[in-house]
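The next block holds one structure in the form of structure tokens; read it before the comments.
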Amino acid sequence: MAVVKIQRPKLGFGEKIYFAALIKGFILTMTHAVKSLLGKSMGAKSLESSGLGVTMQFPEQRWDAQMPDYYRGAPALVTDEQGRERCVSCQLCEFICPPKAIKIVPGEIPSDDPWAKVEKRPKEFDIDMIRCIYCGMCEEVCPEQAIFLRKDYLITGLKRADMVHDKKKLYEIGGVRTGLVNKWNELK
Amino acid sequence: MPDLLLQLAIILFKIVTLTFIVVLPLVPISVYFERRFSAIIQDRVGPNRVGIPLSLLGFKKDFHFFGLIQPMADGIKLFLKEDFTPQYVRKAFYWLAPALTVVPALITVCVVPFGSPITIFGHTEKLVIADIDVGPLFVFAIASLSVYGITLAGWSSNSKFPFIGGVRSTAQMISYEICLGLSIIPVLLYFGELNLGKIVEHQAQHGWLLLPLWQNGQIGLPDMQTALFWIPAVIAFLIFTISIFAETNRMPFDLPECETELVGGYHTEYSSMKFALFFMGEYAAMVIGSAMVVTLFLGGWSAGFGLDPLIAKLGIGGFQIGGLIHLGIFLTKLVGFILFFILVRWTVPRFRYDQLMKLGWVIFFEAALINVFLAALILAAPDLTAVILGTGAVLLIAVTAAVIWVAKTSEAPVKPLRA
Ligand code: SF4
Ligand code: SF4
């Protein structure tokens, strides 16, 4: 490899004395200050700023409208159009989940049930939101498209127990999703 | 005897009010300004929430106060934190160090004149705790003690980074203390006075050092000598201000605690209230530094433009409260200068260590020295004959040229013997 010798730039007297640069710096920072006080900072419009700088002030103002479709919020279970659950308790998501946030207790569907062909449904389905890293692996791996990452991001609780989403809560967040249903489809 | 008691009571009252009610609250206020102002410069919002949570008591809205309570919340937080002492520190010095940084800064408050004298019940009282005739010297002597706190903290922590921070702080103090002292000699020559109170009174009558635009209550251009003295005054102001920055360990000279190199600098091993004391000491030093600059160069408590005698006369009945208005003016100037400190911090990048040393020893030291002679020449001019004056001027120019030449050659890079 060739050795490249880099010459330090020769500074003129004006640059060495540093003063002009200081003044320029002051002008720059003060322009920013004045602009941010007037709510005219660069990008304040597109970022929906609160009028001070470019910052949106959270609890009052929210990003919800700007959230992109691919946003990965809390994972949740979904039901299909007819209110049936989709999960077949295959536990693939439980195994793939990197931080082991998901805990499933599978339950067998008795043979006299009209949905006996589905074989299994989750008896319990807990996602520990303290552990979840919102990676989206569960959504990717699920063969039944039963688990999705929704746009909910305000997951808070006062106790550890509050942060574990059980099956009921997961269905509440997830809501209904139309589209492909495999095992829970009576035609298949 | 009752007279003595009264005197003591007045002194105690002044200490308590001026130190703990006027100056100490300036510390959290400057912290607040630091955070808000830097936020605004960087297009952010800054702390604007902490207030009185009225909604907890069932009211509709919280009372935010623009987040002014934030420093208090920070203080409470620091009080409640675990005070962790690492195992292998030198305990006595480790405990002493934080106090040694705060106390000097607060002691120097006592010579700062806060306002013109106030008269209550025919009793005139000066708004300064100790009206001594060696004001600036006292400030320098005491303020430079705070470097012991930093050095001791660095050494006693028994850890590499704080140690480097402490050593740097010492070196920095030695190089900038000299410029600091030399730079105000022209100012003291001009006033012929070391009493800060009298210096401010002089400025109130004859115009501020940097704004000599009035004489005895009349606005007008200054005479020749004062106008000429403006040049050394500005040089002194620049050197003094910059040295104060170095002295208070503020950006661009905050090498003892530069986070990018030294983790936290000298206070890396400190936690809880001990850390808070360092923090407070730094900001108290900044307040005192600003107070010194305002007092010496920007007219202290005087409103300027010949308004001061009018303000001093204001009063309700027997109370002459002009002094309190002057106090307000002084605090306004002080806060203005603190804002300037903050602006500098968020504008100027940090100097490299060798650049800092070079700036102190090669540029400011010489500049301050030459400035002393320049000021002396200007002040002595009316009493000198033209010949002596001319000789003096030539000599000064020769010395300046020589100093610049020496500084230049000493800085020239060493040529390698063989390329
Ligand atoms: S998003 Fe990732 S971490 Fe969270 S439950 Fe799904 S697989 Fe686990
Ligand atoms: S959510 Fe999907 S992957 Fe997880 S157990 Fe249910 S069907 Fe299987």
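Here the protein sequences come in this chain order: H and E.
One point on numbering: in the numbering used here, the residue at position 146 of the first sequence is 146, and numbering is uninterrupted.
Numbers given in the numbering used here equal positions in the second sequence, counted from 1, plus 1000.
All residues carry an ideal CB built from backbone N, CA and C; glycine is no exception.
Here the structure is a predicted model, which is why all the values come from computation and not from measurement.
Partner residues on chain E for G136 (chain H), Cβ-Cβ distance less than 7 Å: Contact of G136 (chain H) with chain E by beta-carbon distance below 7 Å is absent, the smallest such distance being about 31 Å.
Can you find a CB in chain H that lies within less than 7 Å of the CB of R1250 (chain E)? No, because no Cβ of chain H sits closer than 7 Å to the Cβ of R1250 (chain E).
Where does E15 (chain H) fall in DSSP's three states? helix
Say yes only if the C-beta of G136 (chain H) is nearer than 6 Å to one or more non-hydrogen atoms of ligand 1, and no if none qualify. Answer for G136 (chain H): yes, Cβ within range of ligand 1.
E60 (chain H): buried (16+ other C-beta within 10 angstroms of its C-beta) or exposed? exposed
Are the CB atoms of S1116 (chain E) and G1289 (chain E) within a distance shorter than 7 Å? no
DSSP state of R985 (chain E), grouped into three classes? No statement about residue 985 (chain E) is possible, as the shown extent of chain E runs from 1001 to 1419 and does not include it.
Own chain, CB closer than 8 Å to S41 (chain H), minus 5 neighbours either side, in chain order: H32, K35, S49, G53 and V54
Should C87 (chain H) be counted as a contact of ligand 2 given a C-beta to heavy atom distance under 6 Å? Yes, the Cβ of C87 (chain H) comes within 6 Å of a heavy atom of ligand 2.
Would you kindly work out how many angstroms separate the C-alpha atoms of P75 (chain H) and E1282 (chain E), rounded to a whole number? 48 Å
Determine the burial state of M1280 (chain E): buried for a count of at least 16 other Cβ atoms within 10 Å of its Cβ, exposed for fewer. buried
In the segment 1390-1401 of chain E, which residues sit with their C-beta less than 9 Å from some C-beta in chain H, listed in chain order? none
With a 10 Å radius around its C-beta and 16 neighbouring C-beta atoms as the bar for buried, classify F1191 (chain E) as buried or exposed. Buried, since its Cβ has 16 or more Cβ neighbours within 10 Å.
Give the DSSP bridge partners of A76 (chain H), in chain order. Its beta-bridge partners are H:F148.
Pairwise C-alpha distance: L1137 (chain E) and G14 (chain H): 36 Å
Whole-angstrom distance between L47 (chain H) and W63 (chain H), CA atom to CA atom: 9 Å
Using a Cβ cut-off of 7 Å (strictly closer), state whether M1133 (chain E) contacts chain H. Per the sequence shown, the amino acid found at residue 1133 (chain E) is Asp instead of Met. Not one chain H Cβ lies under 7 Å of D1133 (chain E).
Limits of the alpha helix (DSSP H) - the one that K1126 (chain E) falls within: K1126 (chain E) -> no alpha helix (DSSP H), and no H or E assigned at all.
Between P99 (chain H) and ligand 1, is the CB less than 6 Å from at least one heavy atom? At least one heavy atom of ligand 1 is nearer than 6 Å to the Cβ of P99 (chain H), so yes.
For D1043 (chain E), go through chain H and note every residue whose CB falls closer than 7 Å to its CB, in chain order. H32, S36, S41, G53 and V54
So is I1404 (chain E) in contact with chain H if we call contact Cβ pairs under 7 Å? At a cut-off of 7 Å between beta carbons, I1404 (chain E) makes no contact with chain H.
Straight-line Cα distance separating G83 (chain H) from W184 (chain H): 11 Å
Below 9 Å on C-beta distance, what does Q145 (chain H) contact in chain E? Near Q145 (chain H) there are no residues of chain E at all, since even the closest Cβ is about 41 Å away, more than 9 Å.
Which bits of chain H does W1346 (chain E) rub up against, with CB to CB less than 7 Å? T29
Report yes if the C-beta of P75 (chain H) is less than 6 Å from at least one heavy atom of ligand 1; otherwise report no. The closest heavy atom of ligand 1 lies less than 6 Å from the beta carbon of P75 (chain H).
Alpha helix (DSSP H) segments (min. 4 residues) lying fully within the segment 1239-1290 of chain E: 1259-1262
Nearest residue (CA-CA) to P1212 (chain E), options E:L1196, E:F1229 and E:G1197: E:F1229
In chain H, which residues lie less than 9 Å from L1343 (chain E) when you measure between Cβ atoms? Correct list: F26, T29, M30 and A33.
Just the chain E side, please: which residues come within less than 7 Å of Q57 (chain H) by C-beta, in chain order? V1045
Quick check on T1295 (chain E): buried or exposed, where buried means 16 or more other Cβ atoms within 10 Å of its Cβ? buried
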